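Each residue of the sequence shown is one higher than the one before, counting from 1 in the UniProt record's numbering.
Where a beta carbon is used, it is the ideal one built from N, C-alpha and C, also for glycine.
This one's a predicted model, so the numbers in the text were calculated from it and none came from an experiment.
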Amino acid sequence: MPQSPLLLVRSAELEAPDSAQAFRRRCPGLPGPGRSRTESGRRGEAGERKEGRAPQGRRARWRAERRAGNARGAGPEPPAGRVPAMALRLVSDFDLRKDVLPWLRAQRVASAAAGARGGGPGVLENNYESLRILNVERNGNVIYTYKDNKGNVFFGLYDCQTRQNEHLYTFEKDLHVVSCSVNSDRTLLAASLVHSTKEGRKNELQPGSKCLTLLVEIHPVNNVKVLKAVDSYIWVQFLYPHVESHPLPENHLLLVSEEKYIEKFHIQVIQEDGSRVVIKDSGHLPRERVAEDFVWAQWDMSEQRLYYIDLKKSRSILKCLQFSADEKFNLMFEAPLDITLSDSGFKLVNFGCDDLQDQENLSKHLTLCVFTNHTALLNTFLLLGSLCVCYSPKFDSWEKFTYSVFYFHKGHGKTFTAALGSVDSHVTKGLTFLNLDYYLAVYLPGHFFHLLNIQHPDLICHSLFLTGNSEVVDMLPHSPLQSLSGSLVLDWCSGKLYRALLNQSYLLQFLWNTQLDCEKMAVLHCVLSCGGDRRFLEAKIIQWISENISACHSFDLIQEFIIASSYWSMCPETSNMDKLLPYSSVLTWNTEIPGITLVTEEIALPFMKVHSFKGYWEKLNSNLEYVKYSKPHLHYNNSMVRREWHSLISEEKTGRRRSMVYVKNILDNATKVISNLEARNLEPRLTPLFQEADNHQRLLMGLMVSELKDHLLRHLQGVEKKKIEQMALDYVSKLLDLVCQIMETSWRKHSLHPCVPHFSGRASAAEFKVFHIMTRILEATKSLFLPLPPGFHTLHTILGVHCLPLHNLLHYIDSGVLLLTETAVTRLMKDLDNTEKNEKLKFSIIVRLPPLIGQKICRLWDHPMSSNIISRNHVKRLLQNYKKKPPSSVIHKSSFSVEFLPLNYFVEILTDIESSNQALYAFEGHDNVDAKFVEEAALKHTMMLLGL
1 MPQSPLLLVR SAELEAPDSA QAFRRRCPGL PGPGRSRTES GRRGEAGERK EGRAPQGRRA
61 RWRAERRAGN ARGAGPEPPA GRVPAMALRL VSDFDLRKDV LPWLRAQRVA SAAAGARGGG
121 PGVLENNYES LRILNVERNG NVIYTYKDNK GNVFFGLYDC QTRQNEHLYT FEKDLHVVSC
181 SVNSDRTLLA ASLVHSTKEG RKNELQPGSK CLTLLVEIHP VNNVKVLKAV DSYIWVQFLY
241 PHVESHPLPE NHLLLVSEEK YIEKFHIQVI QEDGSRVVIK DSGHLPRERV AEDFVWAQWD
301 MSEQRLYYID LKKSRSILKC LQFSADEKFN LMFEAPLDIT LSDSGFKLVN FGCDDLQDQE
361 NLSKHLTLCV FTNHTALLNT FLLLGSLCVC YSPKFDSWEK FTYSVFYFHK GHGKTFTAAL
421 GSVDSHVTKG LTFLNLDYYL AVYLPGHFFH LLNIQHPDLI CHSLFLTGNS EVVDMLPHSP
481 LQSLSGSLVL DWCSGKLYRA LLNQSYLLQF LWNTQLDCEK MAVLHCVLSC GGDRRFLEAK
541 IIQWISENIS ACHSFDLIQE FIIASSYWSM CPETSNMDKL LPYSSVLTWN TEIPGITLVT
601 EEIALPFMKV HSFKGYWEKL NSNLEYVKYS KPHLHYNNSM VRREWHSLIS EEKTGRRRSM
661 VYVKNILDNA TKVISNLEAR NLEPRLTPLF QEADNHQRLL MGLMVSELKD HLLRHLQGVE
721 KKKIEQMALD YVSKLLDLVC QIMETSWRKH SLHPCVPHFS GRASAAEFKV FHIMTRILEA
781 TKSLFLPLPP GFHTLHTILG VHCLPLHNLL HYIDSGVLLL TETAVTRLMK DLDNTEKNEK
841 LKFSIIVRLP PLIGQKICRL WDHPMSSNII SRNHVKRLLQ NYKKKPPSSV IHKSSFSVEF
901 LPLNYFVEIL TDIESSNQAL YAFEGHDNVD AKFVEEAALK HTMMLLGL
């Protein structure tokens with residue numbers, strides 16, 4: 001099998017990206033774009049071209065190293081503007097070079113012109129090698145910094161809504177910025193700085209050096225307050241309100257110290273002289289200790305949560321603080337982690353851009369991050385309630401790489417070991433974890449890409465593991481990727497902010513190329529989880545299934561598609577439906593995945609520290625309660641429907657029938673399903689389905705609606721009964737709709753006529769292919785006991801008669817693959833003449849029919865063979881309770897047309913029974929069947945056998 005391409009690529013635009021639109025898509029609550037940009041704030045692409053190349057500096061050195069790597073055989077650099085089709089794409093939301101650099105140059109030109117007119121030098125020099133991102137705030141605004149040639153530190157802000165840049169503050173000292181944050185009103189700036197060496201880089205905090213943490217009034221620029229002056233690093237982060245409204249009288253600032261404590265400052269501001277904002281009582285700012293004695297912390301800017309780990313008796317305890325709208329905070333949970341951090345040192349995640357690590361040695365350090373999920377769907381948010389901790393220990397082998405994912409919302413963790421190939425394939429980059437809504441991506445540049453299903457992680461086949469080659473790897477960012485809140489990803493080295501998205505078009509293409517069943521399963525679910533135009537997606541998948549119907553051996557493609565697509569069409573609409581509806585047709589998976597092994601272990605669940613939940617926390621708590629108490633799983637299945645349906649069919653055959661009201665309600669459900677299905681289908685249907693009653697399938701539809709409704713009513717709390725009834729109807733309608741789509745695609749592809757085929761026609765190659773598809777549909781739905789559209793069995797039988805030799809046809813009927821319906825057999829009797837071949841076919845069909853249907857069909861066939869069958873059935877009914885009487889000594893021969901004593905005697909007995917039990921034995925509607933009819937049939941049959 002050819003190697004699968006590594007699925008990660010930058011999707012940077014050639015023109016300046018529409019960052020405002022991108023952030024509005026991520027944050028639906030944000031307002032639209034503001035006023036037009038001023039002349040100095042425009043992008044100034046022309047000015048950029050005049051000024052020459054991009055600045056040379058740290059990123060330029062990185063590019064030089066990359067080119068050197070290419071020269072050593074790492075693969076060619078991709079052509080400019082090329083966007084390879086990969087399963088994971090990084091869509092640029094912000095780019096320092098395109099969104100900031102033109103504005104800085106325009107500012108420099110304007111400043112130089114003003115200096116020339118005034119006889120003084122320009123304020124800013126053309127030196128941007130130190131330009132870098134410092135922080136991304138909750139509202140999407142980007143804070144950046146650079147130094148001019150004099151060593152002055154410049155702070156700027158890029159507004160993601162208005163797409164304008166703003167100068168915040170300039171320190172006229174040669175300092176290196178460790179951390180920076182701006183409050184939501186842009187009136188205060190907090191920054192942590194250290195003294196720089198002569199080479200322009202920070203020192204390593206040698207004895208006597210100081211880290212200054214400053215609070216600056218910037219509306220307008222006014223006072224500067226020193227919050228900390230210590231010999232250890234400090235990181236700063238303003239808290240942002242969950243609802244942005246009028247300016248806040250009090251701001252809250254987190255200070256994170258390398259000395260392993262976190263403080264929260266309360267900063268009140270007041271307005272003076274109209275619009276001037278100053279700090280109230282700046283000499284006495286209240287503060288409180290938030291956390292201490294921790295070894296690791298992560299900030300979630302979007303949800304305003306702080307995760308941190310402290311060590312208790314050598315145990316790692318993960319804790320979470322939720323900062324609420326009133327700026328209070330609560331300890332939400334504590335969760336033990338089965339990992340060792342005692343010798344890992346101090347680590348922060350997402351407190352600004354971490355420029356302090358030795359990026360070249362990332363592979364030698366552990367990686368740890370926490371992911372939670374809400375998914376944006378049509379301007380709403382679906383709370384998944386997931387809580388995942390991703391952990392990769394220090395790298396200690398050139399042959400394999402180990403990482404763990406703790407699925408706390410599922411109650412278990414998985415430790416994966418990925419083979420790295422040859423011992424020469426050195427690992428020089430760290431492991432990156434990316435958040436992709438329903439999935440987590442684990443990415444090791446140059447080696448592998450693992451897409452982990454976090455909603456249904458039980459089976460490894462629902463996650464996608466791929467290895468890559470060097471040519472594709474060189475198209476990826478070689479600098480470290482920093483996963484921010486949600487799907488935001490920061491490439492701090494190049495100064496670009498991305499949204500990580502699954503590339504639906506590539507995944508569809510990948511389905512056609514992959515040979516492994518596990519990859520087909522995983523990609524099928526990935527594609528369906530992406531959302532978008534579901535009808536279009538389903539059509540593309542059906543097209544692939546039609547061409548690869550027999551290419552999958554570990555599971556049934558049609559079965560998996562029907563279950564998975566029905567699941568994804570329903571679950572995003574209602575909370576907890578993911579626990580109640582089946583996700584996959586596969587319950588176990590024992591086949592190994594090439595290149596990776598895993599060990600699954602149960603883990604201790606988080607201990608919730610609060611008792612009142614809303615939003616995400618309510619969903620997470622619900623998931624934890626489900627793990628504790630729901631054994632076995634609550635996923636719906638059709639076992640009850642199977643038993644009840646067989647019971648109803650058995651009653652029908654024996655003539656017994658339960659309450660008519662009960663049956664009527666079931667059939668009414670089926671009528672609603674069909675009406676719902678027809679409402680979904682706006683185009684005229686080519687496939688000749690829904691053209692007969694097909695009561696057996698209607699009973700199955702109605703029973704499934706009834707059972708599913710009862711199942712949802714038992715387990716969905718707080719949902720209206722009427723809505724649940726509609727959900728049950730929608731789900732069953734979706735199952736049928738998918739079968740109809742497969743049929744419709746096949747019918748159109750092979751250009752078959754929309755009318756029902758004639759039995760007397762001759763099979764075409766197209767009919768052979770459609771018959772094969774229908775047989776596979778029947779196999780898929782039969783094991784799951786799913787309903788089929790009315791008319792399916794009739795159409796299947798007609799095509800079977802066309803396509804199969806008689807012995808194969810009868811084998812299909814006897815094994816239950818072809819189901820003889822009254823409609824199909826009636827048409828067969830009418831369409832086919834009485835040639836010897838057709839007579840044999842008709843007789844073989846009639847003897848396989850249920851007695852009641854067989855009697856009806858025989859009367860449609862004017863043939864001695866059918867008369868013989870009718871006579872046999874009539875005699876059987878008359879004689880089944882016959883008690884032998886003393887024989888009569890006289891037989892009235894004159895009443896018989898032929899003198900044949902055995903026949904004459906037998907017919908006289910039948911006549912006697914008929915005359916004494918006329919009311920009991922007369923066939924309803926078939927009074928012409930009597931002893932005389934039996935006599936004539938017997939004579940005709942005898943003459944036929946004798947050849948007379």
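Check	Outcome
Please report the straight-line C-alpha distance between Leu758 and Asp831, rounded to a whole angstrom.	Note on identity: in this sequence residue 758 is His, with Leu being the wrong assignment. The straight-line gap from Cα to Cα measures roughly 7 Å.
Buried or exposed: where does Ser19 fall if 16 or more other Cβ atoms within 10 Å of its Cβ makes it buried?	Any reading at Ser19 must be qualified, since the residue scores a pLDDT of 38, below 50, and its modelled position is unreliable; the value itself is stated next. Counting Cβ neighbours within 10 Å, Ser19 comes out buried, since at least 16 surround it.
Sort out for me which residues DSSP pairs Thr402 with in a bridge.	Thr417
I'd like the ranges of any alpha helix (DSSP H) spanning at least 4 consecutive residues and lying wholly in the region 466-532.	470-473, 504-513, 517-529
Just to confirm my understanding: we take Met701, look at its own chain, exclude 5 residues before and 5 after, and list those with CB closer than 8 Å. What are they?	Asn669, Ala670, Val673, Ile674, Val732, Leu736, Pro787
What would DSSP say about Ala229, mapped onto helix, strand or coil?	strand
Quick one: what does DSSP say Met301 is sitting in, helix, strand or coil?	coil
Closest to Ser404 by C-alpha separation, out of Ile339, Leu481, Gly430, would be which residue?	Ile339
Going by DSSP, what residues sit across from Gln164 in a beta bridge?	Asp159
With which residues is Leu321 paired in a DSSP beta bridge?	Leu306, Leu331
Please confirm whether Cys160 and Phe94 have their CB atoms less than 9 Å apart.	yes
Which two residues bound the contiguous beta strand (DSSP E) that contains Arg658?	Element bounds for Arg658: n/a, residue is neither H nor E.
Would you say Leu88 and Ala441 are within 9 Å of each other, going by their C-beta atoms?	yes
Taking C-alpha atoms, which residue in Ala765, Pro850, Gln504, Thr797 lies nearest to Val756?	Thr797
Run through the region 558-609 for me and flag every whole beta strand (DSSP E) of 3 or more residues, listed as ranges in chain order.	596-602
Our contact map puts Leu809 next to Gly800 with C-beta atoms below 8 Å; I'd like the distance itself, whole angstroms only.	6 Å
List the endpoints of the continuous alpha helix (DSSP H) containing Ile773.	765-784
When the Cα atoms are used, what is the spatial distance from Ile234 to Thr213?	7 Å
For the candidate residues Tyr567, Asn165, Gly151, Val182, whose alpha-carbon lies nearest to that of His176?	Gly151
If you pair each beta-carbon of the region 457-469 with each one of the region 585-592, do three or more pairs fall below 8 Å?	yes
Which of the three DSSP states is assigned to Ile339 in this structure?	coil
Can you say whether Phe406 is buried or exposed, counting buried as having 16 or more other CB atoms within 10 angstroms of its CB?	buried
With a threshold of 8 Å, are at least 3 pairs of Cβ atoms found where one atom belongs to the region 223-239 and the other to the region 251-267?	yes
Taking the alpha-carbon of Phe371 as reference, which of Trp747, Ala297, Asp281 has the nearest alpha-carbon?	Ala297
Under 9 Å between the Cβ atoms of Tyr636 and His753?	no
Between which two residues does the beta strand (DSSP E) carrying Leu253 extend?	250-257
If distances are taken between C-alpha atoms only, which option among Gly531, Glu720, Ser706, Val599 comes closest to Thr402?	Val599
Do you know whose CA, among Gln268, Thr417, Asp273, Tyr146, lies nearest His284's CA?	Gln268
Assuming residue 950 and Asn139 are in contact, meaning their beta carbons sit under 8 Å apart, how far apart are those beta carbons, in whole angstroms?	This structure cannot speak to residue 950, because the chain is shown only from 1 to 948.
Could you work out which residue in Cys390, Pro790, Phe333 is closest to Asp694 when comparing CA atoms only?	Pro790
Can you give me the Cβ contacts of Ile845 inside the same chain, cut-off strictly under 7 Å, excluding the 5 residues immediately before and after it?	Leu820, Val825, Leu828
Among Leu677, Pro688, His750, which residue has its Cα nearest to the Cα of Leu729?	Leu677
Does Ala190 come out as helix, strand or coil in the three-state DSSP assignment?	strand
With respect to the beta strand (DSSP E) encompassing Arg276, which residues constitute its N-terminal and C-terminal limits?	276-279
Check each candidate in Leu580, Met727, Glu263, Asn373 and name the one with the smallest Cα separation from Leu434.	Asn373
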